[in-house]
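What follows is a short report on a single structure.
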Amino acid sequence: MIDRIKKKAEELLRTKQVDLIIGYKRAPDGVSVAPVFIDKAEETKELIWDTYCVYNLSNYLKDFRGRKIGIIAKACDARSIIVLLQENQLKRKDIFIIGVECSGIVDEKKLLSISPQTSELGFDERCRSCKPSKPPIYDVLIVQEGQRPQAPRLEKDPYGSVRKSEAKSISEKFKLWQEEFSRCIRCYACRQICPLCYCPRCVADQTQPSWLSRAHSFRGNFTWNVTRAMHLAGRCIDCGECERACPVGIPLRDINKKIEKDVKELFNYEAGLSAEQKALLSCFDKNDPEDFIR
Amino acid sequence: MQNIYQPYLAGIIDIRQETPDIKTFKLKFRDKEIEGSFNYRPGQFVEFSVFGEGEAPFCIASSPTRKGSIECSVKRMGKVSQALHELDVGDTVGIRGPYGNGFPVEDLKAKNLLFVAGGIGLAPLRSLINYCLDNRDDFKAVTIVNGARTSRDLVYKSEYREWEKAGDTKLHLTVDCREEDWTCMVGVVPRILEQLKPACRDSSAIVCGPPVMIRYTMPVLLKLGFCAPSIITTLEMKMKCGLGKCGRCSIGNLYVCKDGPVFSLEQLRAFQYEC
Amino acid sequence: MKIGVFVCHCGTNIAATVDVERVSQEAAKEPRVKFSTTYRYMCSDPGQNLIKEAVKKHHLDRIVIASCSPSLHEKTFRKCAEKAGVNPYLMEMANIREHCSWVHQDRVEATAKAIELIRLALAKVSRNKPLEYLYIPIEKKVLIIGGGIAGIQSAIDIAFANYPAVILEREPSIGGRMARFDKTFPTLDCAACILTPKMVTVSQSKHVTMHTYSEIEGVKGHVGDFTVTIRKKARSVDINKCTGCGACYNKCPVRVPSEFDMGLGKRTAIYIPFPQAVPNVPVIDRQNCLWFTKQKCGICKKICPFEAIDYDMQDEIIEEKFGAIIVASGFTQFNHAVYGEYGYGKYKDAITGLHFERMANSSGPTGGKIIRPSDGKEARDVVFIQCVGSRDEQKGLSYCSRLCCMYTAKHALLLKEHNKDAQAYVFYIDIRAAGKNYEEFVKKVQDEYGAVYLRGRVSRIFEKSGKLIVRGADTLSGAQIEIKADLVVLATGLVAQPDAPGLARMLHIPYDRNNLFTEAHPKLAPVETITSGVFLTGACQSPKDIPDTVATASAASVKALGLMVQDRLQREPLVAKVDAKTCSGCFACIQACSFTAIEEEEIEDKRLKKKRLIAKVLEGVCTGCGNCTAVCRMSAIDLEGFSNRQIMEEIEAL
Amino acid sequence: MTATEGSPERKRGKDKKDWEPRIVGFLCKWCSYAGADLAGTSRLQYPPNIRIVRVPCSGRVNPLFVLKCLVNGIDGVLVSGCHIGDCHYSEGNFYARRRFVILKRLLEYLGIDPRRFQMSWISASEGDKWARVVKELVEEIKQAGPNTEFRKGI
Amino acid sequence: MPSEKFFVKEDLYNKLEELSKEFEIIGPRELPNKGIFYQSLKNTRDLYLGEGFAIEPIKRFFLKPSEWIFDERFRENKNILEGIPLPADKRIIISVRPCETRGLTLLDKVFDSDYKDNFYINNRKRTIIIGLACNKPAKNCFCTSMGGSPIESRGMDVLIFDMDRGLIAEILTDRGRELFASIGEGLNEGQRRLLKEDKEKKKDLVEKKLSPPEGKELDKIFESDYWEDVSRPCIGCGICTYLCPTCHCFDLVDERRKRLRCYDSCSFPDFTLEASGVNPRPTKKERYRQRVFHKFDYFKKNFGENLCVGCGRCIRHCPVKIDIADIVDKVPGLKKE
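Chains as they are written, first to last, in this note's numbering: chain A, 1 to 294; chain B, 295 to 569; chain C, 570 to 1223; chain D, 1224 to 1377; chain E, 1378 to 1714.
As structure tokens, then:
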């Protein structure tokens, strides 16, 4: 697979179809993977593709606006590209998507804690509810060869864990999230790693007005985390990068999943399926639920 | 131990509208003791607190020789300066400082001084100009070149007469574009300098203004024969603490707030500062 | 910042429950409040003078008035502030009457609340910005879409005020539905007699331009400045050369069913739809003309003394600017094919009301005889069925078409007048005759013209020995009824034109589930739409009879003229604004704007040194609802007068 | 802008026994605000716990406003607009409805008592409904208790 | 009294239990699936004495992520400022890695020099630090290249060595001595030898090495494209700076009628964005370079040491695997023999 990726990337650069390839390379530690930006055809040798390729590289597209970019995209990455197209952050003609078929990526933190005896492969939780293995949008698709271990799918309900949490009592839920949010250090890694957090100036940084407290307190942390989640409502494509980036282990995907579930159930809306789709909160249906309104 | 971040309270005793977007605030410390102990040098700055809005640095525009109050000129820009512009005489602000190195007054003594100012850049120079005029015998000839975009944007207009009247002092005013009823010079500051050709012997040039002006003035001064150590300017950078701790205003290994804001061109060259 | 607080007693309305003096004292302690006082009636002249004087004396630059609801006196105090030399938008009100003194009795509690309400207003006003009224230039021309009676009346009214009006009509002639009617209820004026003079007035007015046989292709812009693209369809006859002599259609060899006569009569391929057509210029029906179908004939061209026939004429696309648009696009008939039981289409003698109108017309295809289309014999027993389509959620329309009761009564009367021996039977559900002299008219038809009214639905119609057997129930007597009818007339309901949604989208006006255009407010703004500068008249909004149509036409004209007479449009500056630096160009706001008041704009981003697209608010179109501000994730778009800073300041002050 | 210290009412809030809920209502100026006006004109009595922030339309209400209120320790937040179909701007309340159902469910998921954030449609003619909604709201939020969790820490 | 003491873990837990009456005990605690966090320990047995690193260094107990600086009030038409009373309660932070304490000694140079930061200094004064020498440095540790080591004891009151059979505490200050007066026993000869061997062994435990170029040399490549290349993957989050034991940039903002001091980061664009819209560090290149230069050039020029202790946190937690050690090591054209 990697040979075909390299070949394609090399060709794209050589024929000047793109100015730059965003892909994956081996990190200095020799095991994990780091993003790489290649503008010379001969450097495409550096490219790699394996289950450590966790990054959603579409996050970098905003850094190269106006240039022709080739990007290696898994299914989830491609969905965020769709949202970026939907929100006019990209021009389709400016990007060449090298779609890669993906059977799941690993969770490095999880890998460290797995005992070698088990058959657990250390797949990231996010891959368990990912439906397609092929990107919904691409210019060239590099398919997988042969059998590969597949991230185990979640049984039936992708929102099982959300439903379980929903069933808890209010005070239980509060305690849980108070605990989680209290660890937040407001490094905004969740925002910075998110391909969809491209605002030129995030509300968290604005001072006129000051939307949320800068204080590293429950008050400030709660506001930040809710704001982040709300701003992803109907947009999050569950690439799970925020949770991976969070240094203090806040289960951000769980919050995203909760909204994803509500949005699906209430409005039958799914993000990142079509670039022609209207933004969830910029449209409505006359029959939207209103049983919560007096 | 003292809380180095807590300002002193000061009352606004006068506000002068210099230009449509620049006001000069005259402040008096609420506490007599602080007023007595607040000593500063021309070129130093203070951290201004508008309570509820935040803190921002402004240079002191008044001369330490004129006691009783301090003055700062503020251009309407960000959150704090906007809020400051909304204040009235009688309102209270917080003042922390004085901070920074200030002009090397001792080195300037017995020298000809060339002041080159653009827009609100005259503010720190005014402090030094008035200081020099109040200690007139310590300095040789004083030449002031002051420019602004339009005549409306000239600051401290009311003091020009006083400066002109002072012995061995010349004031050249210039605006960028020709205007009706304007009798002084027309042209951007570097051009005017080229025309005036001020003498460089035993001289120091003190330059302050918008970055573009500084960028184009430096080569002119060098061409006129000023040497890099004798060209002095003040830098502007976002500052927060004023104490060299918060990390914003670092330029090379120095902090503009602590080690600056006054630098000679020679110093700036040392840390590859583009100007 | 120097804020003045003015607390109103409102007689005892506020002062009885709220300790206004204390409120004023407390307000004076707030930061930046330089003056605070109370007065018995702040809105009175002395009260307003007090404000003006205080502003002068204390150099106040912002004002808080604690009194009644802003819905009541916001305008008053804005004006007062303006007169006092304070920008009117630097005034805020604290509602301590409706929201405080009137709803609470405990004096301590009410006073405490009043103080807090003032604190809120102070917080808000401290973040107010001086705003200037917006002015929009106005193109002094009105477009009227539709040349029926609604459009004609609008044009006449506008022309009367010496403003130019343009009628856009897709048929070759103006006149619309009304031109097809015979008599009009309840006065029985001949429709043509009252319509034709109006059509002539329009055609002769120097202020009215007509684009007949033309369609609207697109609308851009906003109130005061609409740019409309119009397709002038190829008429094949030069409108400037033709004198309307009629030589061409008199010699045309082709005969096809006449649309105007509902297919009851014939017309030629080059034709004028009806004798009184305006403009009196024929049009060639290219589908049926031998020249166009077979490249033969060409008689009309040969015969025309004025060389007006132009077979090579092409559709012409023109663009015109307008300051206001009146939509008078009218209605069409309900397609009652869904009612198989009524036999329309199956039985020739089951016809609609409009067919009946043409038959009753003495210059119509039957010369005024009510006949059976099947055999041409004069009809004697005629059954009228009301509510065909209307008031039938299952198969038809949820609404009442409003005129069917009346036109059926009229038909029953006309039937008798045309044929003394005839008998009318009317199946109805209710008689809705709520109009001036309407009820009397229906009664007259029953009493004097012997029309038999039967309350009930027709269950079935079938043909038997040349007659139509109408079976139904008379729910009043409970009896099953069977009538041997010569003719059945279906009172079909009125529905929106099939292309109404397309037009609505072009104009950015909403329409309801029946495709009828929605007015800005059903009661208080019945001819306005939410798109300012676009007005509604006639049946495109809801079924209307002629008097109502004419009334709304004049109403819409007045609204349009209200714009025309202004040099420029003054608008409240409470509109959205985009901060270019913060805008990402995701255009969530454009999608969420109900008024298409936001468009894309290219700017040079100095930071990125690149061109990029951001949102731009069309101030003339923005209504200030603020929805865009809430969908903007980066808060790059803000609403003047209710800005984020103002509201957040209020929240922080709580 | 320098704000002042709390009112007597706010101070009272610190004493648990006399605690009175503080509620904020974001009311659209065409319907709900006018409805509240009508309640006044009709002299309908209701508890003084609510403070009204006047907005042009329920569609103007940014979820961050609600959030800010809650983390500032406001005990209850109400967003109120025109009934569906009555919106002065024709569609604003549709957008609000969609936006806030997500927020409401999210807040509940994160353990915020659902009684603390509510929505209502109140028309200009429903002065009685306004008075009733306020009464009910005050009762419900009294049961929910003071919103103190966010006051802890910095 | 000996300067070394031997005791078993149980003794330590008991001692802490006893001390918790007088002191707030802070120590690392392992939260399942989340990592290790310093927390105020209600139950001293929650104390984590194993290998590994807390995610956040102890910096946050001295230079707090957020703290109120003073209170602004408006009363009867007057502005009044009220200082925030400094906390006086005494604390013990235990099981602290040598590099973290080393970080404090670097912070001391910033906050306990010319303008003295009373908040920081007060926190330093009221806190006793008990370190724990590293038995197994992590793969990203490079403390020995930064002038530290797994047994570095600068800034500590006591340093504990975990020696299989028990713990040996090296008492470094009088405060430490007082604290450990009634626990354990002095070392016997064998133990002393063991400790010595252990120290020797630990010095060489750290595998990762880098030799940061001297300040003057870094100067030369200030304008190099290298910085653009290495900063490309950077997403501009604050993880590396917030988790760094030595990064200390902060912001001062007004909130809720108080002034707040809170962490800020040179990786955020807003950090240097001026009110006029000008940003002297407009792109990731300038921002990342600032971080490297501050650590390995400016601070060294000013204080003679690198502003880095080699704890490896920024590498470990970087979501895009940026390795500052690798970057500094590969600075072009400056390879030393």
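The C-beta atom is built at its ideal place from N, Cα and C for all residues, glycine as well.
What are the residues that DSSP puts in a beta bridge with Tyr-913 (chain C)?
Bridge partners of Tyr-913 (chain C): C:Tyr-916.
Evaluate contact between the stretch 398-418 of chain B and the stretch 482-498 of chain B, counting only Cβ atoms and requiring at least three cross-stretch pairs below 8 angstroms.
Touching, yes.
If we cut at 8 angstroms on Cβ distances, does Glu-1363 (chain D) have a partner in chain A?
No - not a single Cβ of chain A is within 8 angstroms of the one on Glu-1363 (chain D).
Partner residues on chain A for Lys-1150 (chain C), Cβ-Cβ distance less than 9 angstroms:
Using a Cβ-Cβ cut-off of 9 angstroms, Lys-1150 (chain C) is close to Pro-200 and Arg-201 of chain A, given in chain order.
Could you check if Ala-78 (chain A) is buried or exposed, using at least 16 other CB atoms within 10 Å of its CB as the buried criterion?
The residue is buried, with at least 16 neighbouring Cβ atoms inside 10 Å.
Please state whether the Cβ-Cβ distance between Phe-1414 (chain E) and Glu-1433 (chain E) is less than 8 angstroms.
Yes. Within cutoff.
First and last residue of the beta strand (DSSP E) that includes Ala-1184 (chain C)?
Element bounds for Ala-1184 (chain C): 1179-1186.
Exposed unless 16 or more other CB atoms sit within 10 angstroms - verdict on Leu-61 (chain A):
Its Cβ being crowded by 16 or more others within 10 Å, Leu-61 (chain A) is buried.
Three-state secondary structure (DSSP) at Val-340 (chain B)?
Strand.
Thinking Ala-1184 (chain C) and Val-1147 (chain C) are a contact (beta carbons under 8 angstroms), I'd like their distance in whole angstroms, please.
The distance from the Cβ of Ala-1184 (chain C) to that of Val-1147 (chain C) is about 5 angstroms, consistent with a contact at the 8 angstroms cut-off.
With a threshold of 7 angstroms on Cβ separation, who are the neighbours of Gly-536 (chain B) within its own chain once the five nearest residues in sequence on each side are excluded?
Counting only Cβ-Cβ distances below 7 angstroms, and skipping sequence neighbours, we find Glu-341, Pro-351, Arg-390, Gly-391, Tyr-393 and Cys-551.
Output the residue ranges of the alpha helix (DSSP H) runs that lie fully inside the stretch 235-293 of chain A and measure 4 residues or longer, sorted by chain position.
Correct list: 241-245 and 252-267.
Under a CB-based cut-off of 8 angstroms, is Gly-1334 (chain D) close to chain A?
Answer yes: the Cβ-Cβ gap between Gly-1334 (chain D) and chain A drops below 8 angstroms somewhere.
What distance in whole Å lies between the Cβ atoms of Cys-858 (chain C) and Ile-839 (chain C), which are believed to be in contact at a cut-off of 8 angstroms?
So it is a contact: roughly 7 angstroms between Cβ atoms.
CB-CB under 6 angstroms to Thr-318 (chain B), same chain, minus the five flanking residues each way: which ones, in chain order?
Only Arg-310, Glu-312, Glu-365 and Ser-367 meet the Cβ criterion.
Limits of the alpha helix (DSSP H) - the one that Glu-1574 (chain E) falls within:
It spans 1566-1580 - the alpha helix (DSSP H) in which Glu-1574 (chain E) sits, taken as one unbroken run.
Chain E contact residues for Ile-1307 (chain D), given Cβ-Cβ distances below 7 angstroms
Simply none; closest approach about 38 angstroms.
Chain-order list of residues whose beta-carbon lies under 6 angstroms from that of Pro-1405 (chain E) (same chain, five-residue window excluded):
Hits under 6 angstroms: Ile-1413, Tyr-1415, Tyr-1425, Ala-1431 and Ser-1472.
For the putative contact between Ile-170 (chain A) and Arg-4 (chain A), defined by C-beta atoms under 8 angstroms, what is the C-beta separation to the nearest angstrom?
Going by Cβ atoms, the distance from Ile-170 (chain A) to Arg-4 (chain A) rounds to 53 angstroms, so no, they are not a contact pair.
Checking 8 angstroms against the spacing of the C-beta atoms, do Ser-1101 (chain C) and Asp-726 (chain C) come in under that value?
Result no, Cβ atoms of Ser-1101 (chain C) and Asp-726 (chain C) do not sit closer than 8 angstroms.
Kindly list, in the order they appear in chain E, the residues whose Cβ is closer than 8 angstroms to that of Ser-129 (chain A).
At a C-beta separation below 8 angstroms, Ser-129 (chain A) has no neighbours in chain E, since its nearest C-beta there lies roughly 19 angstroms away.
Measure the beta-carbon distance from Tyr-997 (chain C) to Val-1021 (chain C) and round it to whole angstroms, keeping in mind my assumption that it falls under 8 angstroms.
Wrong, their Cβ atoms sit about 11 angstroms apart, outside the cutoff.
Between C:Cys-1155, C:Gly-1195 and C:Leu-1138, which lies nearest to Ala-1166 (chain C) when the distance is taken from Cα to Cα?
Of the candidates C:Cys-1155, C:Gly-1195 and C:Leu-1138, the one whose C-alpha sits nearest the C-alpha of Ala-1166 (chain C) is C:Gly-1195.
Need the endpoints of the alpha helix (DSSP H) that Cys-974 (chain C) sits in, please.
Counting along the chain, the alpha helix (DSSP H) containing Cys-974 (chain C) begins and ends at 973-987.
I'd like the span of the alpha helix (DSSP H) that includes Lys-459 (chain B), first residue to last.
Its alpha helix (DSSP H) spans residues 454-459.
Using 8 angstroms as the limit for Cβ to Cβ distance, is Glu-1714 (chain E) near chain C?
Low confidence applies here, because Glu-1714 (chain E) scores a pLDDT of 40, under 50, leaving its location unreliable; read the following figure in that light. Chain C contact via Cβ: absent.
Taking the continuous beta strand (DSSP E) assigned at Cys-366 (chain B), which residues delimit it?
Cys-366 (chain B) -> beta strand (DSSP E) spans 364-369.
Using a Cβ-Cβ distance cut-off of 8 angstroms, determine whether Pro-1231 (chain D) contacts chain E.
Unreliable placement is indicated for Pro-1231 (chain D), whose pLDDT of 41 sits below 50; no coordinate value is reported for it.
Going along chain C, which residues have a C-beta under 8 angstroms from Leu-281 (chain A)?
Near Leu-281 (chain A) (Cβ distances below 8 angstroms), the residues of chain C are Ala-1157, Ala-1161 and Val-1200.
Quick check: what's the CA-CA separation for Gly-1047 (chain C) versus Gly-1062 (chain C)?
Between Gly-1047 (chain C) and Gly-1062 (chain C), the C-alpha separation is close to 27 angstroms.
is_contact[Pro-1079 (chain C), chain E] using C-beta, thresh 8 angstroms:
Answer no: the Cβ-Cβ gap between Pro-1079 (chain C) and chain E never drops below 8 angstroms.
If the cut is a Cβ gap below 8 angstroms, which residues of chain E does Ile-1377 (chain D) touch?
Chain-ordered, the chain E residues with CB closer than 8 angstroms to the CB of Ile-1377 (chain D) read Ser-1443, Glu-1444, Trp-1445 and Leu-1637.
Which residue comes first and which comes last in the alpha helix (DSSP H) that contains Asp-1207 (chain C)?
In the DSSP assignment, Asp-1207 (chain C) falls outside any alpha helix (DSSP H) and lies within the beta strand (DSSP E) extending over 1206-1208.
Measuring straight from C-alpha to C-alpha, what distance separates Val-1361 (chain D) and Gly-1071 (chain C)?
Annotation: Val-1361 (chain D) to Gly-1071 (chain C) spans about 48 angstroms, alpha carbon to alpha carbon.
Going along the chain, which residues of its own chain have a beta-carbon closer than 8 angstroms to the beta-carbon of Pro-844 (chain C), five neighbours each way excluded?
Within the same chain, Pro-844 (chain C) has close Cβ partners Ser-932.
Distance, Cα to Cα, Asn-1316 (chain D) vs Leu-689 (chain C)?
As the crow flies, the alpha-carbon of Asn-1316 (chain D) is around 25 angstroms from that of Leu-689 (chain C).
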